[in-house]
Structure formats: structure tokens, C-alpha cells
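*Asks:*
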Amino acid sequence: MNLNNFENYIEKKILSRGYDYYENNYVTSVEETEENVFEAEVEGTELYTVEVELDDQANIIDTFCDCPYDMDDYCKHQVAAFLAVRDMKNNLSKGNNQISQNSRDSESVLKSPVPKKEKRLISKKYYLTEPKMNWLKFCWISLQNMKKSSGELN
Numbered sequence: 007m008n009l010n011n012f013e014n015y016i017e018k019k020i021l022s023r024g025y026d027y028y029e030n031n032y033v034t035s036v037e038e039t040e041e042n043v044f045e046a047e048v049e050g051t052e053l054y055t056v057e058v059e060l061d062d063q064a065n066i067i068d069t070f071c072d073c074p075y076d077m078d079d080y081c082k083h084q085v086a087a088f089l090a091v092r093d094m095k096n097n098l099s100k101g102n103n104q105i106s107q108n109s110r111d112s113e114s115v116l117k118s119p120v121p122k123k124e125k126r127l128i129s130k131k132y133y134l135t136e137p138k139m140n141w142l143k144f145c146w147i148s149l150q151n152m153k154k155s156s157g158e159l160n
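Structure (C-alpha cells):
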């Protein structure tokens, strides 16, 4: 099963629920802990951890979720994590400093975007949704304004 076609191997009901979790921003973070090994946190009844290990061709060679679901090989949290990892890898391979198209669109809303250096750090470690990226930008702007008012920043 490959990260680019895993949808063909997962039961439709689980796939649909996983898509809903992904689209509704229940994937709170994705971190590449080792090369091609990812750990995602997915909100559900509790906060669940999903591990995904890929080979160099993006085949899913191992995956685990710590939720109690045991009716099939894969759960909705894993589907949401697969989608987030795929999105992260696709954006990084394109050389984007941002996580998604939505985060690019949000820059036009906020006039002071997060500097590219910080975006690169974020994109390597975490999956950020548009609302989270906006919150990060708000915090960055607030910090800059506080520094300006205290004289730390010219």
C-alpha cells in the first residue's frame, strides 16, 4: 500500500471518516521523527498517536494507532494521518516553505507573515492548518509589536 493510493485499500466507511477528520483539522501535528518515520497526533475521543513508516517509494511499510479500534487493519485516525503525511511530503518536495495552499492564502489576510526561516522550521516538523497558521502569525505580530513598544525592535 502506497501513500499515494492507500485509499484503494481501506474500507470506504473508515476512509470517509478519516477524510472528515483530516478536513476538520483533527490532525494536530505531524513530526518526522526519523527519515521516513512520522508520528502524528489526531484528536478523537482522546488524543491519539499514529505512527507511519514509509520506504523510499512512499510505500507504507508499518503503521500503528493507539486508539482502541480493532474491527479492521486501519482506523480513521490512520487515514487522517496518511493524508497529513502525504500533504506534508508533497509540499516539502515542491520546495514550498508553507504547509498548504490555505496557509499561502492566509498571508494575504495578514500583512505581516511569519518569516521564511520560521516557516521552514515549522514545515519540517508540524502540520499546520489555516487557523493554526493564522494563530501563529497573530502571535508573531503581537510579539513584534510588543518588542517595538518596549524599544527592543527598531
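Per the numbering used here, numbering through the sequence shown is continuous, rising by one, with the last residue being 160. Where is the CB? At the ideal position from N, CA and C, for every residue including glycine.
Threshold first: 3 residues or longer. Then list the beta strand (DSSP E) segments lying entirely within the segment 25 to 81, N to C.
*Replies:* List check, beta strand (DSSP E) in window: 33 to 40, 43 to 49, 53 to 60, 66 to 71.
*Asks:* I need the straight-line Cα distance from Gly-24 to Phe-88, nearest angstrom please.
*Replies:* Counting from 1 along the sequence shown, the entry for residue 24 is found at position 18. Counting from 1 along the sequence shown, the entry for residue 88 is found at position 82. Approximately 9 Å between the Cα atoms of the pair.
*Asks:* For Asn-8, name the three-state secondary structure that DSSP assigns.
*Replies:* For the purposes of this step, residue 8 is taken as the residue at position 2 of the sequence shown. Three-state result, Asn-8: strand.
*Asks:* Excluding the five sequence neighbours on either side, which residues of its own chain have a C-beta within less than 7 Å of the C-beta of Leu-53, listed in chain order?
*Replies:* Numbered from 1 along the sequence shown, position 47 holds the residue referred to as residue 53. Same-chain partners within the cutoff: Glu-47.
*Asks:* Which residues in the same chain have their Cβ closer than 8 Å to the Cβ of Asp-62, if we skip the five residues on either side of it in sequence?
*Replies:* Walking along the sequence shown from the start, residue 62 turns up at place 56. The answer, listed in chain order, is Asn-42.
*Asks:* Measuring only the C-alpha atoms, how far is Lys-82 from Tyr-27?
*Replies:* For the purposes of this step, residue 82 is taken as residue 76 along the sequence shown, with counting starting at 1. For the purposes of this step, residue 27 is taken as residue 21 along the sequence shown, with counting starting at 1. Cα-Cα distance, rounded: 7 Å.
*Asks:* Given a cut-off of 7 Å on the beta-carbon distance, is the pair Val-33 and Met-94 in contact?
*Replies:* Position 27 of the sequence shown, counted from the start, is the residue given in the question as residue 33. Position 88 of the sequence shown, counted from the start, is the residue given in the question as residue 94. Cβ atoms of Val-33 and Met-94: not closer than 7 Å.
*Asks:* So, helix, strand or coil for Lys-123, using DSSP?
*Replies:* For the purposes of this step, residue 123 is identified with residue 117 of the sequence shown, where counting begins at 1. Reliability fails at Lys-123, whose pLDDT of 39 lies under 50, so the model's placement of it is uncertain and the value that follows must be treated cautiously. Looking at Lys-123 - three-state DSSP - the assignment turns out to be helix.
*Asks:* Tell me which same chain residues have a C-beta within less than 7 Å of the C-beta of Glu-49, skipping the five on either side of it?
*Replies:* Along the sequence shown, one-based indexing puts residue 49 at 43. The residues are Tyr-32, Thr-34.
*Asks:* Could you pull out every residue in the same chain whose Cβ sits closer than 7 Å to the Cβ of Tyr-15, ignoring the five residues on either side in sequence?
*Replies:* Reading the sequence shown from its first residue, position 9 is the one you call residue 15. Cβ neighbours of Tyr-15 beyond the five flanking positions: Met-7.
*Asks:* Hey, how far is the Cα of Glu-17 from the Cα of Gln-150?
*Replies:* Here residue 17 refers to the residue found at position 11 when the sequence shown is read from its first residue. Here residue 150 refers to the residue found at position 144 when the sequence shown is read from its first residue. Going from the Cα of Glu-17 to the Cα of Gln-150 covers about 48 Å.
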